[in-house]
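Chains as they are written, first to last, in the working numbering: chain Y, 531 to 747; chain V, 531 to 747.
2 protein chains.
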Amino acid sequence: MVTLSEENYLKAIYHLGNQGDNTVSTNAIAEQIEAKASSVTDMVKKLADKQLANYIKYQGVSLTEEGRLTARTVIRKHRLWETFLVKKLNFSWHEVHDIAEQLEHIKSEKLIDKLDDFLDNPTHDPHGDPIPDKHGNYTKIKSKSILEIKPGNQGVLTSVKDSSKAFLKYLNKNELALGDSIKVVDFEPFDESFTIETKTKTITISKNVAKNLCLSI
Amino acid sequence: MVTLSEENYLKAIYHLGNQGDNTVSTNAIAEQIEAKASSVTDMVKKLADKQLANYIKYQGVSLTEEGRLTARTVIRKHRLWETFLVKKLNFSWHEVHDIAEQLEHIKSEKLIDKLDDFLDNPTHDPHGDPIPDKHGNYTKIKSKSILEIKPGNQGVLTSVKDSSKAFLKYLNKNELALGDSIKVVDFEPFDESFTIETKTKTITISKNVAKNLCLSI
DNA sequence: TTAATATTTTAGTCTTGACTAAAAATATTT
DNA sequence: AAATATTTTTAGTCAAGACTAAAATATTAA
Chain Y
531 MVTLSEENYL
541 KAIYHLGNQG
551 DNTVSTNAIA
561 EQIEAKASSV
571 TDMVKKLADK
581 QLANYIKYQG
591 VSLTEEGRLT
601 ARTVIRKHRL
611 WETFLVKKLN
621 FSWHEVHDIA
631 EQLEHIKSEK
641 LIDKLDDFLD
651 NPTHDPHGDP
661 IPDKHGNYTK
671 IKSKSILEIK
681 PGNQGVLTSV
691 KDSSKAFLKY
701 LNKNELALGD
711 SIKVVDFEPF
721 DESFTIETKT
731 KTITISKNVA
741 KNLCLSI
Chain V
531 MVTLSEENYL
541 KAIYHLGNQG
551 DNTVSTNAIA
561 EQIEAKASSV
571 TDMVKKLADK
581 QLANYIKYQG
591 VSLTEEGRLT
601 ARTVIRKHRL
611 WETFLVKKLN
621 FSWHEVHDIA
631 EQLEHIKSEK
641 LIDKLDDFLD
651 NPTHDPHGDP
661 IPDKHGNYTK
671 IKSKSILEIK
681 PGNQGVLTSV
691 KDSSKAFLKY
701 LNKNELALGD
711 SIKVVDFEPF
721 DESFTIETKT
731 KTITISKNVA
741 KNLCLSI
């Protein structure tokens with residue numbers, strides 16, 4: 531049995547290791563999970579004992595095949611619950627993270643499969659992130675950050691890299707939503723800002739915002 | 531902040547004390563919660579410290595006004611989630627208890643109010659038990675166990691006293707469901723069995739089953 | 001009303017998951 | 001290559017919530 535805390539560590543290692551196959555440092559995990567490095571060392575040993583992680587002292591951590599699958603299952607649950615909260619309960623997308631953070635630990639495979647069906651087997655959550663299927667597989671929409679897109683090109687806003695409340699609120703305020711068609715019209719080298727055009731308006735965004743908006747190409 | 535474990539104790543005391551106003555013994559709580567009496571003593575002291583329970587050594591426990599409201603909130607969440615699982619995810623009623631037991635501890639008032647609306651503010655859960663509103667108020671349907679009903683009378687099956695998996699499966703097998711119109715046609719003193727008639731059939735039930743079926747009157 | 005039995009509490013232990021402070025290993029400078 | 005800085009681990013604590021065994025109180029029976 532995997533505990534709630536172990537699930538959170540698996541998720542952190544998965545995300546930091548960019549699918550869990552890269553090696554991740556104790557300190558990086560500590561920062562992500564908001565714990566002290568010494569606590570991370572303890573937990574990582576436990577994960578290694580349970581065959582969920584590969585761990586060599588002073589060398590960092592990566593996930594085993596089993597650890598990766600467990601992480602994906604937690605992520606699947608998180609994203610399905612987020613979808614439920616937004617689509618069925620009418621939460622706005624910046625409100626759902628903390629609640630999904632709790633719901634993702636509910637233990638029942640049947641529940642999550644039924645929820646999946648109830649939501650019509652969505653492939654992406656409200657932030658545009660892919661939802662793994664019950665075997666842990668998913669397909670990522672190919673997308674590029676606006677930073678990497680030359681003026682004159684356009685695409686559909688498919689995901690955001692930053693899912694913090696602050697950023698999602700900023701998007702709401704500026705009426706930017708997933709699915710919006712966006713054209714990059716100008717780049718200003720002086721302050722590295724971009725001017726983008728949607729169906730309804732033209733706005734200027736900072737480099738930091740551009741970095742976090744991904745358009746399908 | 532009330533912990534998950536504290537919530538479970540409050541619920542147990544509430545149910546055993548028949549709304550938490552009666553005094554409940556340490557042993558009774560221990561049995562209900564499947565813990566040892568000594569663990570119960572520890573926890574009950576903590577609840578008293580937090581003003582959630584009244585506790586006098588060797589004299590038993592009852593809930594304070596605040597404890598009672600907290601218990602009702604947990605029960606509200608439990609029953610709303612059960613309703614969700616049955617009505618929206620198509621679980622059958624004997625499968626939902628264990629999952630609702632986990633979901634009832636999710637912390638978000640907004641979530642539960644939105645869920646309530648999503649389900650069209652149900653007043654009773656799939657077992658016929660009343661769902662408290664957000665202030666902890668509810669109205670119980672007046673009902674009597676079949677044991678207390680004289681042959682010749684009839685009513686609608688509104689709740690069951692036993693919510694165990696085994697009993698709910700028995701009801702499914704015998705095609706008895708909440709809302710069914712039932713007439714008590716005969717009582718056999720020899721083995722204290724009852725014969726009851728539904729729209730579709732006539733069956734004989736044991737005293738033990740009769741005790742757990744409640745008809746509105 | 002005392003003796004026997006049952007219930008409840010206390011005292012001390014264990015596990016989980018966190019922490020601090022100090023020690024050890026690795027990295028980076030000079 | 002030595003000195004310094006950074007990262008990581010170890011060792012020892014702590015709180016929550018459970019447990020066992022023993023002591024204290026209540027209840028029942030003789």
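Built from N, CA and C at the ideal position, the CB exists for glycine as well. All of these numbers come straight from a predicted model, not from anything done at the bench.
Contact with chain V by residue i, beta-carbon distance below 8 Å
| i | result |
| --- | --- |
| residue 629 of chain Y | yes |
| residue 637 of chain Y | yes |
| residue 589 of chain Y | no |
| residue 541 of chain Y | no |
| residue 641 of chain Y | yes |
| residue 621 of chain Y | yes |
Cutoff 8 Å: residue i Cβ touching any chain Y Cβ
| i | result |
| --- | --- |
| residue 649 of chain V | no |
| residue 618 of chain V | yes |
| residue 610 of chain V | no |
| residue 695 of chain V | no |
| residue 698 of chain V | no |
| residue 645 of chain V | yes |
| residue 632 of chain V | yes |
Residues near residue i by beta carbon distance below 6 Å, same chain, minus five either side
| i | result |
| --- | --- |
| residue 624 of chain V | 695, 698, 699 |
| residue 677 of chain Y | 740, 741 |
| residue 682 of chain V | none |
| residue 675 of chain V | 741, 744 |
| residue 725 of chain V | 715, 716, 734 |
| residue 668 of chain Y | 660, 662 |
| residue 540 of chain Y | 597, 600, 601 |
Residues bridged to residue i (per DSSP)
| i | result |
| --- | --- |
| residue 596 of chain Y | DSSP, once it has assigned bridges, lists no residue as partnering residue 596 of chain Y. |
| residue 585 of chain V | V:591 |
| residue 735 of chain V | V:724 |
Own chain, CB closer than 7 Å to residue i, minus 5 neighbours either side, in chain order
| i | result |
| --- | --- |
| residue 709 of chain V | 686, 687 |
| residue 692 of chain Y | 742 |
The alpha helix (DSSP H) enclosing residue i, as first and last residue numbers
| i | result |
| --- | --- |
| residue 556 of chain Y | 556–563 |
| residue 629 of chain V | 626–633 |
| residue 571 of chain V | 567–579 |
| residue 548 of chain V | Where residue 548 of chain V is concerned, there is no enclosing alpha helix (DSSP H), given that its DSSP letter is neither H nor E. |
Spatial neighbours of residue i in its chain, beta-carbon cut-off 8 Å, leaving aside the 5 residues before and after
| i | result |
| --- | --- |
| residue 590 of chain V | 553, 554, 555, 556 |
| residue 689 of chain V | 654, 657, 658, 659, 671, 673, 708, 744 |
| residue 571 of chain Y | 556 |
| residue 576 of chain V | 536 |
| residue 643 of chain V | 664 |
| residue 649 of chain Y | 610, 613, 614, 617, 618 |
| residue 586 of chain Y | none |
Start-to-end residues for the beta strand (DSSP E) that takes in residue i
| i | result |
| --- | --- |
| residue 622 of chain V | Run containing residue 622 of chain V: none; DSSP gives neither H nor E here. |
| residue 645 of chain V | Careful: residue 645 of chain V lies outside any beta strand (DSSP E), inside the alpha helix (DSSP H) at 639–648. |
- prompt: Fully enclosed by the segment 664–714 of chain V, which alpha helix (DSSP H) runs are 4 residues long or longer?
  reply: 695–703
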